[in-house]
Amino acid sequence: MPEHGRPFWPPNIAKLVLWTRARGGFQYRREEHELEPFLRHRHRALWDWPFCFAATLQQAVHSEALMGPVSVSVQPGGFAHVQLCSEPVNVMDMAMWQGLMDALEECEASPAVRGIIFSSGVKRDVFTAGNSLKELHAPSTTGEKYINFWHLSQDFLLRLYKSPLFTICAIRGACPAGGCILSLLCDGRIMTEAGTIGLNEVALGIPVPYYWVQVMCQLIGQGQAYRMLMGARLATLKYPDGGRTATKAALRQDLASGWGQPGFVHKEATSSWDNLSKPETVAFLGGIMKSLEKKGKAERAKL
Numbered sequence: 336m337p338e339h340g341r342p343f344w345p346p347n348i349a350k351l352v353l354w355t356r357a358r359g360g361f362q363y364r365r366e367e368h369e370l371e372p373f374l375r376h377r378h379r380a381l382w383d384w385p386f387c388f389a390a391t392l393q394q395a396v397h398s399e400a401l402m403g404p405v406s407v408s409v410q411p412g413g414f415a416h417v418q419l420c421s422e423p424v425n426v427m428d429m430a431m432w433q434g435l436m437d438a439l440e441e442c443e444a445s446p447a448v449r450g451i452i453f454s455s456g457v458k459r460d461v462f463t464a465g466n467s468l469k470e471l472h473a474p475s476t477t478g479e480k481y482i483n484f485w486h487l488s489q490d491f492l493l494r495l496y497k498s499p500l501f502t503i504c505a506i507r508g509a510c511p512a513g514g515c516i517l518s519l520l521c522d523g524r525i526m527t528e529a530g531t532i533g534l535n536e537v538a539l540g541i542p543v544p545y546y547w548v549q550v551m552c553q554l555i556g557q558g559q560a561y562r563m564l565m566g567a568r569l570a571t572l573k574y575p576d577g578g579r580t581a582t583k584a585a586l587r588q589d590l591a592s593g594w595g596q597p598g599f600v601h602k603e604a605t606s607s608w609d610n611l612s613k614p615e616t617v618a619f620l621g622g623i624m625k626s627l628e629k630k631g632k633a634e635r636a637k638l
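Residue 336 is where the sequence shown starts when you use my numbering, and the numbers rise one by one after that.
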C-alpha cells in the first residue's frame with residue numbers, strides 16, 4: 336500500500352479482469368487482478384494489447400462528482416486522478432475541454448505526477464456523451480465560436496497524444512465520439528462490461544476528423560477501423576520513465592507533427608463548419624436535440 340494506507344486508484348474500482356492469449360496460440364485464459372498492485376507493478380501488461388482479448392472492470396460504481404466539469408486529485412504513488420464531473424452525461428462543451436486542458440497542464444507541470452487516470456464522476460453509467468450538440472448545431476452557435484471550440488479541443492487532444500505522462504482511461508458505460516478519441520490517445524484503456532466505445536460521427540451526418548481516423552487505424556488496423564468508422568459502430572467491450580517517454584515520443588512523432596502543422600486545425604474547423612451549416616445537417620442535428628430535450632423532460636417528470 337502507498338503511504339498513509341491510501342490507494343492511488345479510486346476506491347470504487349477494485350478489480351481488473353483480463354482475458355489474455357498465449358503468443359502464437361488461440362487459447363484464452365481469464366486473469367483477475369487487484370487493480371492497484373497490477374497498475375503499480377505490471378504496467379507492461381497494459382502495453383501488450385495484441386495479446387489481450389478483452390479487459391473489464393469489476394465493482395465499478397459511480398462516485399460523487401466534485402465542483403466544476405473536471406477535477407484533479409494527485410494520489411500517492413505518482414498518479415493523478417482526473418474526473419469528468421459534468422452532470423448528467425459529461426457533454427464535451429467549451430468548459431469541459433478547457434477543464435481537461437487545465438488538468439493536463441497541471442499534471443505535466445507537477446514533479447509528483449508520473450501518470451494520469453481519466454474516469455467519469457457522474458451518476459449515470461456514462462464516461463462522456465461526446466461533443467455537445469449545442470457546439471455543433473449551426474443555429475445554436477456561430478462560425479467564430481465553433482472554430483474557437485475546435486481549436487481548443489484539438490489543442491488538448493494533441494497535447495494528450497504527445498504527453499510524456501503514462502495515461503490510462505477508465506471507461507464506465509458509454510464512450511462515443513470525443514470521449515472515444517480521448518481514450519484512444521491514452522497509453523491504455525479499460526472498460527466496464529456494459530460499456531460501448533467508438534467514433535460514431537457518421538451516424539450524425541458529420542465526417543470523422545482526419546487525425547482521429549489515423550489514430551484509430553494505428554491502434555486497431557485499417558480494415559477494422561474502416562468497418563467501425565463507416566458503420567458508426569460502438570464496440571463493447573515497471574519500466575524507468577526515461578526509456579518509456581522517449582519511446583512513446585518516437586512512436587507518436589510522425590502523426591503528431593502532421594496534426595500540429597500550422598494551419599491544419601483552422602482549415603479543418605472551417606471545412607467542418609461548412610458541413611455543419613448545410614441545411615440537411617442543421618435539420619438532422621436539430622431533430623436529435625429536440626428528441627433529447629423531450630426525453631429529458633419525460634425523465635424529469637418521473638422524479
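All C-beta atoms, glycine included, are put in the ideal place defined by N, C-alpha and C.
Check: H601: CB within 7 Å of a non-hydrogen atom of the ligand GDP; Outcome: Of ligands this structure carries none, so the ligand GDP is not represented either.
Check: Nearest-angstrom beta carbon gap, G450 and D414 [assumed within contact, 8 Å]; Outcome: In the sequence as presented, Asp is not what sits at residue 414; that position holds Phe. The Cβ separation is near 5 Å, so the contact holds.
Check: Q596 burial status per 10 Å Cβ neighbour count (16 or more: buried); Outcome: exposed
Check: Residue range of the alpha helix (DSSP H) that includes L439; Outcome: M429 to A444
Check: Proximity to S467 [Cα-Cα], best of Y545, W432, L519 and P544; Outcome: W432
Check: Host alpha helix (DSSP H) of I516 (start-end); Outcome: A512 to L519
Check: Closest Cα partner of P404 within the set G412, V417 and Q410; Outcome: V417
Check: Residues near C515 in its chain [Cβ-Cβ closer than 7 Å; skip 5 each side]; Outcome: I532, G533 and L534
Check: Three-state secondary structure assigned by DSSP to I451; Outcome: strand
Check: Spatial distance of T616 from N610 (CA atoms); Outcome: 7 Å
Check: For I482, three-class secondary structure by DSSP; Outcome: helix
Check: Rounded separation between F491 and Q410 - CA only; Outcome: 23 Å
Check: Cα-Cα separation between A509 and A444, rounded to whole angstroms; Outcome: 31 Å
Check: Close-in-space but distant-in-sequence residues of the same chain around G566 (CB under 8 Å, 5 per side omitted); Outcome: V537
Check: Three CB pairs or more closer than 8 Å across the region 514-530 and the region 454-463; Outcome: yes
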